[in-house]
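Residue numbers (the working numbering): 673 to 1096.
For reference, the structure discussed in these notes is given below.
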Ligand SMILES: [Mn+2]
């Protein structure tokens, strides 16, 4: 389904008076509105190819219909999102779920939708058909060198696909670990992972980045071989300058102070990218900002402060991705909500009075410091985000227009009710 630009214009026109009133009211009290708007226009969040279909739990999966049946349809879906919000101009592919058959055609289709290829993701957490060795007891940590080699070869294969598509980063998330005490020699497992990653690392082009993702637990429940940011940072430091830590918001133990982790990784120049989602308990993969919007803001507050301290470009120097799953909602509606929540948190963090905050910190004025952060957090920046998206050619309210245009109904008509998308 292709979205004609005039439909967006018509919709925006119908909302113009109300939007202008809200935007001007907000803009009136802000300094450097144009600079902030440009940052919001530039900021793009990659959509994972595996999140375009209905997710499931281990108890069941309830498809909503019209799911993309191929890589081409996945690209079209992300194209739809991007045409609505102009903030999701990249797609992150998962191999082997999305192996491109024709690089030229795939690239052309993405370009037609204004999309770039973000990080490519490898998969050694499940066995594929016709696979020689099993990953049941891990991949890069495995006691058998032949299994490790298979995982290495797969990652190098993923890099090759990425090079062809113009991607410039590889995300490695390993399910490796153990579920019972005594199952693993922790040190040997870690060493095996390091040596395997070293081989993959040396196969990456010089302009590429490797994102080493960590996760506290699941699918293993006793130990995870890359279980936290310390283990990831250790690997990234040993691997070299092209290796970075990737923070997935759902991959921490409860109540972890993620904003502090982010701050220190940035200080070390080792924060590579982000997987956004939200959670109540663990890796719940819920819509970004749906449970803990204040935490999302506090994370962005550290991101902006830390990136500015290092003179980094907010839009391009880190990898921004969503990593979520949708059991109840229409995946495209959910993704629109996630992107919007991220944009709002980013915009709020740009509102923080950094000079006043530094002063409050220097004078131990704790109450003032809290007031400064919450002033920004409690500012309704939605009209600002909407203005940026309209200026970039998007809709003033992407979700509302999505429903008005009956996009899901159209996709069901086009693709059928019983389609199943590859992914989580
Ligand atoms: Mn992730």
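Backbone N, C-alpha and C fix where the C-beta goes; we use that ideal spot for every residue, glycine too.
- Nearest to residue 948 by alpha-carbon distance, out of 939, 921, 1070, is 921.
- Selection 796, 829, 800 evaluated against residue 814 yields 796 as nearest (Cα-Cα).
- Your pair residue 914 and residue 886 does not check out as a contact, with CB atoms roughly 18 angstroms apart and the cut at 8 angstroms.
- At least one heavy atom of ligand 1 falls within 7 angstroms of the beta-carbon of residue 885.
- Residue 793 has 766, 843 as its beta-bridge partners, per DSSP.
- Set against 7 angstroms, the gap from the CB of residue 845 to the closest heavy atom of ligand 1 is smaller.
- Ligand 1 has a heavy atom closer than 7 angstroms to the beta-carbon of residue 920.
- If you check the CB distance, residue 1073 and residue 756 come in under 8 angstroms.
- If you draw a straight line from the Cα of residue 834 to the Cα of residue 1042, it comes to about 44 angstroms.
- Proximity to residue 895 across 718, 925, 806, 1087 peaks at 925, based on C-alpha coordinates.
- The C-alpha of residue 688 is placed about 12 angstroms away from the C-alpha of residue 680.
- Secondary structure of residue 972 (DSSP, three-state): helix.
- Not one heavy atom of ligand 1 sits closer than 7 angstroms to the Cβ of residue 790.
- By the C-beta density criterion, residue 973 is buried, having at least 16 other C-beta atoms within 10 angstroms.
- Excluding sequence positions up to five before and after residue 819, its CB lies within less than 6 angstroms of the CB of 805, all in the same chain and listed in chain order.
- Here the distance from the Cβ of residue 749 to the nearest heavy atom of ligand 1 is not below 7 angstroms.
- With contact defined as three or more Cβ pairs closer than 8 angstroms, the segment 982-990 and the segment 1023-1039 are not in contact.
- Taking C-beta atoms under 8 angstroms as the contact rule, residue 781 and residue 745 fail to qualify, at a distance of about 10 angstroms.
- In this structure, the C-beta of residue 766 stays at least 7 angstroms away from each heavy atom of ligand 1.
- Under the three-state reduction of DSSP output, residue 785 falls in the coil class, being neither helix nor strand.
- The residues 698, 1016, 1019, 1020, 1023, in chain order, have a CB closer than 8 angstroms to that of residue 1053 in the same chain once the five nearest residues on each side in sequence are set aside.
- Taking a cut-off of 8 angstroms for Cβ pairs, the segment 853-865 and the segment 892-906 touch, as three or more such pairs fall below it.
- Between residue 969 and the set 838, 932, 943, the nearest pair of CA atoms involves 932.
- Within a 10 Å sphere around the beta-carbon of residue 1055 sit 16 or more other beta-carbons, which makes this residue buried.
- In this structure, residue 788 lies near residue 761, with their beta-carbon atoms less than 8 angstroms apart.
- The Cβ atoms of residue 842 and residue 831 lie closer than 8 angstroms to each other.
- A straight-line Cα-Cα distance of about 15 angstroms links residue 890 and residue 996.
- The C-beta of residue 826 has 16 or more other C-beta atoms within 10 Å across all chains shown, which makes the residue buried.
- Residue side-chain check: residue 998 keeps its Cβ at 7 angstroms or more from all non-hydrogen atoms of ligand 1.
- Straight-line measurement puts the Cα of residue 858 at about 47 angstroms from the Cα of residue 708.
- Of the candidates 1082, 721, 1047, 1000, the residue whose Cα lies closest to the Cα of residue 732 is 1000.
- In this structure, the CA atom of residue 683 is about 22 angstroms from the CA atom of residue 1003.
- When C-alpha distances from residue 811 are compared across 766, 866, 792, the shortest belongs to 866.
- Secondary structure note for residue 707: it is in no beta strand (DSSP E), and the uninterrupted alpha helix (DSSP H) holding it is 705-714.
- Only exposed fits residue 729, as fewer than 16 other CB atoms lie within 10 angstroms of its CB.
- Residue 777 sits exposed, since fewer than 16 C-beta atoms from the chains shown fall within 10 Å of its C-beta.
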